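J.: After the structure tokens below, expect a handful of questions from me.
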Amino acid sequence: HLQNTDLNVIFDISDPNLAAETLTYAIINSIKINTIILLVPRSRRILKPWITIGLLRCIRNRDQMHLKLKKTPHNEILKITYTRYRNYCNSTLRNLKIAYEKSELEKAGNNSKLMWQKIKYITNTTKKKTSPIELLSIESDPSQAVDRINEDFASIGKNLTLEIMNSHNLDSEKQKYTNLSTITPNSIVLLETTENEIDPDRTWVEACSLAEHGVDVVSKWLNCNLLTLNLDKTKFMAFTITNSTKPPNDFKLKVHNCDQALPSPHCNCLEIKRTDELRYLGVIVDDLCKCNSHIELIFTRVRKLSWVFKKFRHVANYDLILIVYKAVCLSVIQYCISVWGGTHKTYLLPLERAQRRILKVMLFKPFRYPISQLYNECK
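The sequence shown begins at 865 in my numbering and counts up one residue at a time.
Given below as structure tokens:
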């Protein structure tokens, strides 16, 4: 069909873009006309790249023998024949899959990006990307929707600034700029707590008064610089060693905006919510400084990696397995370990067992393999 198409009109077009579109349309139209859709039956459809036509026939024979065995379960000859044939078929499938995955890793070579794509494909850890259907549906044309979203993101700082200016009635050009040096000669910084600041004889009431004074200083500094404290996201913890030394349940911390010289604890000022644990930069910090919640979170993540290494150990060498272990397992364990690593051994023991399990799976070691030998081999 493309040979019978008159393409001389393209040479008469002066616009190169229009000429390219005309040629592309002619090629696409010829492909559509000469394309035939064939329906492949399920029995002949190859779903995996390592499955061949002969292996597909082997799978079909295995399934047929299984159906015959279900109809005549007392046929011992058929049972033995099916068992041997099934084991042979499954073993062949497994070996072909391992050989295919090894070849895929070899094709990646020194390309680290392609290598990690193959690793995620082999271990079935590839995350499915969902298309932003809701964002693209705000306009009739997807390109117009993207332009509108980009415009909103580009103007978010400007709009926020205008809202702050309008809320503080800053109309003139001179009032739009705040001289921080005249309002606050020093910036707010958080310094390390010294021993002189710790008073063991101080009560929770005195601690609450000092904390409210510090929050009041921060709140005033924010107001002077056209900022606000988001109380919905602000929480506080009362750190103690035991549960018996915790403050009472009615212990409250308020952000005072009343004009009293000595704020009363019974005023109607906004309160800061109290919590027993808080997640900050991926680390769960609790008021007893035990870090057991954070260790349980790491334990759950590490334990789920055992099946990943169980599949990956058959197709990769030791050096590549060690790189993957350091990337996906050891990095999780060592993240902020200086914060939670000093807790009691009782809380660390489950995590240590989970790590040993990963190492044993990596090296094809039995369940009761000696720990000292395991650590020596993993160095």
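Backbone N, C-alpha and C fix where the C-beta goes; we use that ideal spot for every residue, glycine too. Being a predicted model, the structure only gives us computed values, none of them experimental.
Can you list, in chain order, the stretches of the alpha helix (DSSP H) that have 4 or more residues and sit fully within the segment 1126 to 1186?
T.: For the segment 1126 to 1186, whole alpha helix (DSSP H) runs of length 4 or above, ordered along the chain, are 1156 to 1167 and 1170 to 1176.
J.: Go through its chain and collect everything with a Cβ distance to T1170's Cβ below 7 Å, but skip five positions before and after it.
T.: Reading off the sequence shown, one finds Ser at residue 1170, where the question assumed Thr. The residues are R1221, I1222 and V1225.
J.: With a CB to CB cut of under 6 Å and the five nearest residues on each side skipped, what residues in its chain are close to N1107?
T.: Taken in chain order, the list of residues that qualify is empty.
J.: In three-state terms, what does DSSP make of E1037?
T.: No answer about E1037 holds up, because its pLDDT of 49 lies below 50 and its placement is not dependable.
J.: If distances are taken between C-alpha atoms only, which option among K1099, T1067, K1116 and E1027 comes closest to L1091?
T.: Comparing Cα positions, the closest option is E1027.
J.: Exposed or buried, which one is C1131 when buried takes at least 16 other CB atoms within 10 Å?
T.: C1131 should be labelled exposed.
J.: Quick test of the definition: if touching needs 3 or more C-beta pairs under 8 Å, does the segment 1153 to 1163 touch the segment 1174 to 1192?
T.: They do not touch, by the three-pair rule.
J.: Are E1141 and L1117 closer than 8 Å when you measure CB to CB?
T.: The answer is no: Cβ separation not under 8 Å.
J.: Three Cβ pairs or more, each shorter than 8 Å: is that satisfied between the segment 948 to 959 and the segment 920 to 929?
T.: Contact holds: three or more Cβ-Cβ distances are below 8 Å.
J.: For L969, which of helix, strand or coil comes out of DSSP?
T.: DSSP places L969 in helix when its eight states are reduced to three.
J.: Per DSSP, L933 is paired with what?
T.: In DSSP, L933 forms no bridge with anything.
J.: Would the beta-carbon of S1083 fall within 8 Å of that of L1093?
T.: Yes, the pair counts as a contact, with Cβ atoms nearer than the cut-off.
J.: Please name the residue in N1121, R909 and V1196 whose C-alpha comes closest to that of I1164.
T.: According to the sequence shown, residue 1164 is Thr rather than Ile. If we check each option's Cα against that of T1164, V1196 comes out closest.
J.: Quick check on this structure: which residue in V1119, T1067, N1087 and F1100 has the alpha carbon closest to the alpha carbon of V1079?
T.: Taking only the C-alpha atoms, the option nearest V1079 is V1119.
J.: Just verifying my parser: in three-state terms, what is the DSSP assignment at F1017?
T.: F1017: helix per DSSP, three-state reduction.
J.: Work out the CA separation of T987 and P1230 for me, nearest whole Å.
T.: Their backbone Cα atoms lie some 22 Å apart in a straight line.
J.: Leaving out five residues before and five after K982 in sequence, what residues of the same chain have Cβ atoms less than 6 Å from its Cβ?
T.: Hits under 6 Å: E968, L969 and A972.
J.: If you follow the alpha helix (DSSP H) that V1081 is part of, which residue opens it and which one closes it?
T.: Start and end: W1068 to C1088.
J.: Which partner residues does F1100 have in the DSSP bridge list?
T.: Note: F1100 sits in a beta bridge opposite R1138.
J.: Go through its chain and collect everything with a Cβ distance to E1216's Cβ below 6 Å, but skip five positions before and after it.
T.: None.
J.: Quick check on A1218: buried or exposed, where buried means 16 or more other Cβ atoms within 10 Å of its Cβ?
T.: Classification for A1218: buried.
J.: Please state whether the Cβ-Cβ distance between A1286 and P1112 is less than 8 Å.
T.: This structure cannot speak to residue 1286, because the chain is shown only from 865 to 1243.
J.: How should H1077 be labelled, buried or exposed, when 16 other C-beta atoms within 10 angstroms of its C-beta is the threshold for buried?
T.: Result: exposed.
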